[in-house]
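Residue numbers (this note's numbering), protein chains in the order written: chain H, 4 to 798; chain C, 17 to 141; chain G, 92 to 171.
Even glycine gets a Cβ: it sits at the ideal position worked out from N, Cα and C.
First the structure, in the form of structure tokens, and then the observations on it.
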Amino acid sequence: MSTLERRTFLKTSAMAAATAAVSQRAGGAAAAPASDGIHWDKAPCRFCGTGCHVKVGVRDGKVVAIAGHPDAEVNKGLLCVKGYHVGGILYGEDRLKHPMLRRNGVLERISWDEAIDIAARKIMEAPERFAIYGSGQWTIPEGYAAQKLIKGGLSNNHIEPNARLCMASAVTGFISTYGVDEPAGCYDDLDACDVLILWGNNMSEMHPVLFSRFYDRKSRGEKITLIDLGTRRTRTTEFADHYMEFRPQSDLAIANCIAQQLIERDAWDKEFVEKHCAFRADADLTKPDLMGVAIDFENYKQRVAEYTPEKVSEISGLPVEQLRLLGDLFADPKVKITSTWCMGMNQHTRATAINRLVHGIHLLSGKFGSPGNAPTSLTGQPSACGTAREVGTLCHALPGGRLVAKPEHREQCEKHWNLPAGRINATPGHHTVLMWEKFCTPTAEGGDIRTILVQVTNPGQSLPNLHKLFRAKKGLDDKFLIVSDVYPTATTELADLVLPAALWVEKNGVFGNSERRTQQWFKQVEPPGEAREDVWMTIAIARRLYDLGHPGMKDKDGNFIFRFTDDAGNEVPVWEYDRFHEINVDRALYDDYRPLTFLKHKHLAPYDVLKEHTGLRWPVVEQSDGSFRETRFRFSEFDDPFVKKGNGIEFYHSTTNDGRAQIWFCPYEAHPEEPDEEFPFWLCTGRVLEHWHTGTMTMRVPQLRGAVPNNYVEIHPDDAREAGIGNGDKVVLATRRGELELSAWINGRGRPPRGSLFVPFFDQIRQINLLTLDAHCPISKEPDYKKCAARIRKA
Amino acid sequence: MSGVSRRDMFRVLLGRGREEVPQAPPAAPVASSGGDELALILDRFCLAWQGSFCSVCSERCPEPGAIVVEQGKPRVDPGKCTGCRVCHDVCPAPRNAVFLVARKARGGMIGKTVDETRPEEPDHE
Amino acid sequence: MPINGLMVTLSSDSALASDACERIARRPELERGERQDRWLPVVADTAGDGHAREVHGWLESLHGVDQVDVILVGFDEPNS
């Protein structure tokens, strides 16, 4: 396209967008899209779990413009700095374009036929030692295909998403409290609450559009209160009415202190609790499990009694007045409180416990089930909920909230997939940390994972304690790492086989965001070179296994497990890439998956309904007129059609089968690696606004890379002075697992308190996860990236 | 990255560090910091002013206090800005929100410069 | 060479608003879309940063213009 043509085209696009915005503002119908060769379509943003919707402008096969989608309820046209540049992630110069095999230490180009054959043969050598490692960036159909291949085809449960490192603790918190995963509330609570409590949640940095949505109310003069409960000052703290800085790990004591005050003041919501709740605790604190044992109210009361504001002030460092303020707010029946959290509570060695406790104080105070009253976890990935949690791409799960350990759940899936009875293995596979530990352990020493297929994630940078859990793979000749990705990463560095993947709008997809919203998009541009869809790779590998004679690749009737037909009922060999686009495989997989969502009342909308919306929140239930209605507030009679009339609130998947949610008692317990004389600092890791996850996409966008080009360590000025460290000085940061040279940023963006350091994890050159701890929550198996002991010195 | 090493970029990021090249003292005291240009932030392009969040310009500014952030929104202090352009170069907004204006009149320029329109400074130069 | 899609919010005073529309029409680098109520879509095709600054400043200085919002920026021209 000539410069002149492109300018004309850009002008047309600009006018179309401006006209659409004007129509929106003027209350008119959205303007018809410009017809001058330009194509505008929609897609959810590729990055975080907020689930903003964008408009994607394509011409001549290239994404050339991005705008916030004005009709999207989530973001109402607004985007964050990453969102405005999301189109740029497709066009980094070093996109992977061809399959590559490592020969004599060097990655060499091979054909797709060879690549698929090699992958399948490696799996065939030892199917029970094969594992799939994906992420919350898998689309729903991608995760579903991977799930069906390994659990339904290979009778193997070694499948995990990186979401294990991210929201597994939120899942165990929801399940042990309500009997079913995912938040009851939604983002609408942010529009209705009087008080928002952020539990270790830096929302303006991590979920900026969501924070804008809340904070916009304050700008308009509404009287709302923001409480920032955190272990360091962040960008969000500046907007807070109350900043409450607690000692790492003591959030457990703070939550218990709120419960103690509610009972002490006799201010708990007796009617709500008597009708809808029961009490629970771990049977054996040394071996906590998901379900625990029932306790009575007196027992609960006795256990929380010791968490007085005075005592908790000593544990947490919070002044007694701040603890009493929290007590006052929860005790006031008129105040509507929403709590949000993300990695601060989930990446925690007592993560399930703190999740339960925050749900517990909302239940005990009755601050649940009406707009503005909700405990809501946020996700960091675009489909952590939609794929990892709902499709259940975890080593213990099956689609739709089912468990491999439950015979009836296995039976349901076998029936749905038309598999012989007993095909699905009843034993959970290895969770993430164990999977990678086994992969990095020599086979002779019990390392029972031999081949891993990695899709849509970068464990070589995001796993904790990388020396042990990733780099130790090097030199283990019988271990084989297959990596599908879009750019060279820390993971492809050790890959034996690299598969170039299509990214975002180069393929069809469906994501599910933090508020149960399922969002669909269509392929809008071609992937570069020979890059192909992950769904295709999974099916092609399965087909090759079928050809090699693996019996699991056939269903009960002898048909291939991924059998798709056209409108006339003829089978389409979609594993042949030139036939793959003859039908919409995404849709076929989604249609196959959708009925599995009904068991736990997570009814997804039909594909044709989804494609007309910027996402719908499940359960999406068909109305008598044939239309489909989404649900904003689960378990509440006024909105959730599955609550029996007259019940008001009903936890219809209660773990005790009586419609009740569980209020848990969990004690405060010290962290396994508290600072000591040798390692006197707390080290916390996390994200920055400009970069997403391990930076593989955002670091390819010049504006984002330019804004924050590399990581650093944030340090308190007094700590820096004592160590003789000046701003910008090279320092050596060390933990018991390794050391890393970084530059110091005094205060930095986050302003850590004394004795505390912070390092972002996006930087591929200086990988902070070489230093982090692999100790994890005993129930969720999620590691703690937020706390370990460290020391620092000038280099 | 156009030939800039990561180390150099980092130095920019932490520009307040002691590795910076020391600045020669100005020949005579002047009201402004002496650069020929002055950065201004256009709120209509600035992400922080447009309801999103960003603080990159102030973080990367090598001159302490030259870009002040209040309630998340950056503002240039003309008395401290040296016109070094770092804020312009790092601005990640879809449309660069930082532009530089001349402090002193240039040939062919119509109207007054920023310095000339300052409300006070009676003994300016 | 920036091209921007702008949403111009016109004054509620209809005489001032009409005057602003006419003035905008006379600038060759500005292209008007269809006005709806108080809002006017405008595309600015400018020669460079300086020119764009001048045009935006000028738009905001008009008595009949309350606000100028940037709706879309063509981003495939790095650092435009």
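For residue i, the three-state DSSP class (helix, strand or coil)
i	result
H/Ser630	coil
H/Leu802	Beyond the ends of chain H as shown, which are 4 and 798, falls residue 802 of chain H; an answer cannot be given.
H/Pro720	helix
G/Ser102	coil
H/Gly146	helix
H/Cys791	coil
H/Asp488	strand
H/Val66	strand
H/Gln522	strand
H/Cys196	coil
G/Asp110	helix
H/Pro781	coil
C/Ala113	coil
G/Arg123	strand
H/Ser746	strand
G/Val146	helix
H/Lys58	strand
C/Arg27	Its pLDDT being 28, under 50, C/Arg27 is placed unreliably by the model, and the measurement read from it follows with that caveat. DSSP places C/Arg27 in helix when its eight states are reduced to three.
H/Ala24	helix
C/Arg72	The sequence as given places Val at residue 72 of chain C; Arg does not occur at that position. The answer is helix: DSSP assigns C/Val72 an H, G or I state.
H/Lys151	helix
H/Gln458	strand
C/Lys89	strand
H/Trp43	strand
Selection from the options that minimises the alpha carbon distance to residue i
i	options	result
H/Pro102	H/Tyr310, H/Ser114 and H/Arg635	H/Ser114
H/Gly689	H/Lys482, H/Phe765 and H/Val486	H/Phe765
H/Arg49	H/Val77, H/Val508 and H/Asp197	H/Val508
H/Lys226	H/Ala195, H/Pro312, H/Pro251 and H/Arg235	H/Ala195
H/Asp120	H/Lys733, H/Ser253, H/Ser630 and H/Tyr549	H/Tyr549
G/Glu120	G/Asp157, G/Ser152, G/Gly148 and G/His142	G/His142
H/Ala17	G/Ala135, G/Val156, G/His147 and G/His154	G/Ala135
H/Ile135	H/His161, H/Pro410 and H/Cys51	H/His161
H/Phe525	H/Ala475, H/Tyr610 and H/Asp595	H/Tyr610
H/Asp729	H/Arg740, H/Leu745, H/Phe636 and H/Gln464	Note on identity: in this sequence residue 729 of chain H is Gly, with Asp being the wrong assignment. Among H/Arg740, H/Leu745, H/Phe636 and H/Gln464, the Cα nearest to that of H/Gly729 is on H/Leu745.
H/Asp254	H/His674, H/Asp722, H/Asp679 and H/Gly375	H/His674
H/Glu324	H/Thr600, H/Pro374 and H/Thr311	H/Thr311
H/Val735	H/Asp777, H/Asp63, H/Ala793 and H/Gly555	H/Ala793
One or two residues paired with residue i in a DSSP bridge
i	result
H/Cys48	The partner list for H/Cys48 (beta bridge, DSSP) is empty, contrary to what the question assumes.
H/Asp231	H/Leu201 and H/Tyr246
H/Leu500	H/Leu104 and H/Ile485
H/Phe563	H/Lys557
H/Gln665	H/Ala281
H/Ser759	H/Trp685
H/Glu163	H/Tyr136
H/Val624	H/Arg632
Where residue i meets chain H, residues with beta-carbon distance less than 7 Å
i	result
G/Ile94	Arg10, Leu13, Lys14 and Ala17
Residues that residue i contacts on chain H, provided the C-beta gap is smaller than 8 Å
i	result
C/Leu116	Neighbours of C/Leu116 on chain H: none; closest Cβ ~17 Å, over 8 Å.
G/Gly124	Met18, Ala21, Thr22 and Val25
C/Val72	Glu693, Ala710 and Val711
Under 7 Å by beta carbon: chain C residues contacting residue i
i	result
H/Tyr87	Pro110
G/Arg144	Phe115
H/Cys345	In chain order: nothing, as chain C lies at least about 16 Å away.
H/Ala334	Within chain C, no residue comes near H/Ala334; the closest Cβ sits about 31 Å away, beyond 7 Å.
Chain C contact residues for residue i, given Cβ-Cβ distances below 8 Å
i	result
H/Phe242	Gln87 and Gly88
H/Ala171	In chain order: nothing, as chain C lies at least about 28 Å away.
H/Pro211	Ser68 and Phe69
G/His147	Leu58 and Arg60
Proximal residues of chain G, C-beta to C-beta of residue i below 8 Å
i	result
C/Phe61	Val161
Next on the checklist: In chain order, what are the residue ranges of uninterrupted beta strand (DSSP E) at least 3 long that sit wholly in the region 343-428 of chain H?
Outcome noted: Segments of the beta strand (DSSP E) lying fully in the region 343-428 of chain H: 377-380.
Item to check | Every unbroken beta strand (DSSP E) inside the region 258-339 of chain H [3 residues or more] | outcome: Within the region 258-339 of chain H, the complete beta strand (DSSP E) runs of at least 3 residues are 280-284 and 296-298.
Item to check | Residues of the region 686-707 of chain H whose Cβ lies closer than 9 Å to any Cβ of chain B, in chain order | outcome: No chain B is present in this structure, whose protein chains are H, C and G.
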